[in-house]
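I have placed the structure first, in the form of structure tokens, so that the comments after it can refer back to it.
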Amino acid sequence: MDPIVYVSLGAALAAGIAGVASAFGIGIAGTAAAGAVAEDEKNFRNALILEGLPMTQSIYGLITLFLILMSAGIIGGGFKFTANTPENIVKSAILLGAGLTVGLTGLSAIPQGIIASAGIGAVAKNPKTFTQNVVFAAMAETTAIFGLVGALIMIATGVGL
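Spelled out as structure tokens, the structure:
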């Protein structure tokens, strides 16, 4: 397969999978937020913060997309891996792996949305539990952070920035 295909797939999978997962997570938390705010408008601030937590996975996907495109030369110049050599195929496959890593770990936005949804309900009943519920929702985030770190290591050591 041509190296540009690997690079394009890596960039698309990083942003696409993480973005879709974020949309699901935000949607799940958003339904709870709407209910909490309908009960009491004072719940808006806390509900909005908890609802927004699953969005970070899409940010990681977007960052990875840009890093993949920059390291391959698509952004800021010409494509670096034009020759279909074994070295270029390996480098472009590394970029595909980096994108897939971020995309798959970005699926953590879905359970994060579920946790945030429960947290919104809990905070609506007892606002003093806000910090604890942010921590609960942030626990799902660590998977995505590990994926982003792994992808950065793959890109930096396998291809270079």
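Under UniProt numbering, the first residue of the sequence shown is numbered 1, with each subsequent residue one higher.
Heads up, the beta-carbon is just placed ideally off N, CA and C, and yes, glycines get one too.
When we look at the beta-carbon of Lys91 and count the other beta-carbons within 10 Å, is it buried (16 or more) or exposed?
Here residue 91 is taken as the residue at index 91 of the sequence shown, counted from 1. Flag for Lys91 reads buried.
Take Asp143 and list the residues in its own chain whose beta-carbon comes closer than 6 Å to its own, dropping the five residues that flank it on each side.
Locating residue 143 in the sequence shown gives position 143, counting from the first residue. One point to set straight first is that residue 143 is Thr, not Asp, in the sequence displayed. Only Thr105, Ser108 meet the Cβ criterion.
Cα separation between Ser58 and Phe66?
Here the question's residue 58 lines up with position 58 in the sequence shown. Here the question's residue 66 lines up with position 66 in the sequence shown. Using only the alpha carbons, I get a separation of about 12 Å.
What does the alpha-carbon distance come out to for the pair Leu69 and Ala12?
What you label residue 69 is simply residue 69 of the sequence shown in a count that begins at 1. What you label residue 12 is simply residue 12 of the sequence shown in a count that begins at 1. Looking at the two C-alpha atoms, the distance is approximately 10 Å.
Pairwise C-alpha distance: Glu141 and Thr85
Residue numbering aside, residue 85 sits at position 85 when the sequence shown is read from its first letter. Residue numbering aside, residue 141 sits at position 141 when the sequence shown is read from its first letter. Roughly 38 Å separates the two Cα atoms.
Same chain, Cβ closer than 6 Å to Phe24, neighbours up to 5 away in sequence not counted
Numbered from 1 along the sequence shown, position 24 holds the residue referred to as residue 24. Ile110, listed in sequence order.
Alpha-carbon to alpha-carbon, Leu53 and Ile75
By 1-based counting over the sequence shown, the position of residue 75 is 75. By 1-based counting over the sequence shown, the position of residue 53 is 53. For Ile75 and Leu53, the distance between alpha carbons rounds to 29 Å.
Here's the rule I'm using: 16 or more other beta-carbon atoms within 10 Å means buried, otherwise exposed. How should Phe146 be labelled?
Mapped onto the sequence shown, residue 146 falls at position 146. It is exposed - the Cβ of Phe146 has fewer than 16 other Cβ atoms within 10 Å.
Quick test of your reading: Ala98 and Met154, contact by CB under 8 Å. State the CB separation rounded to the nearest angstrom.
As a first step, residue 98 is located in the sequence shown; it is residue number 98 there, counting from the start. As a first step, residue 154 is located in the sequence shown; it is residue number 154 there, counting from the start. About 4 Å separates the beta carbon of Ala98 from that of Met154, a gap short enough to meet the 8 Å contact definition.
Terminal residues of the alpha helix (DSSP H) in which Lys91 lies
Along the sequence shown, read from residue 1 onward, the residue named residue 91 stands at position 91. Lys91 -> alpha helix (DSSP H) spans 86-105.
Please classify Gln132: is it buried, with 16 or more other beta-carbons within 10 angstroms of its beta-carbon, or exposed?
Position 132 of the sequence shown holds residue 132. Gln132 comes out exposed.
Less than 7 Å between the C-beta atoms of Ala29 and Gly121, yes or no?
Counting from one through the sequence shown, the residue named residue 29 turns up at place 29. Counting from one through the sequence shown, the residue named residue 121 turns up at place 121. Taking 7 Å as the cut-off, the Cβ atoms of Ala29 and Gly121 do not count as close.
Would Gly10 and Leu96 qualify as a contact pair, given that the criterion is a beta-carbon distance under 7 Å?
Numbered from 1 along the sequence shown, position 10 holds the residue referred to as residue 10. Numbered from 1 along the sequence shown, position 96 holds the residue referred to as residue 96. It is a contact, given that the beta carbons lie within the stated cut-off.
Straight-line gap, Ala138 to Thr82 (C-alpha atoms, nearest Å)
Walking along the sequence shown from the start, residue 138 turns up at place 138. Walking along the sequence shown from the start, residue 82 turns up at place 82. If I take the Cα positions, the gap works out to 41 Å.
Helix, strand or coil: which one does DSSP assign to Met70?
Here residue 70 is taken as the residue at index 70 of the sequence shown, counted from 1. DSSP places Met70 in helix when its eight states are reduced to three.
Three-state secondary structure (DSSP) at Lys80?
In the sequence shown, the residue the question calls residue 80 occupies position 80. If DSSP states are grouped into helix, strand and coil, Lys80 belongs with coil.
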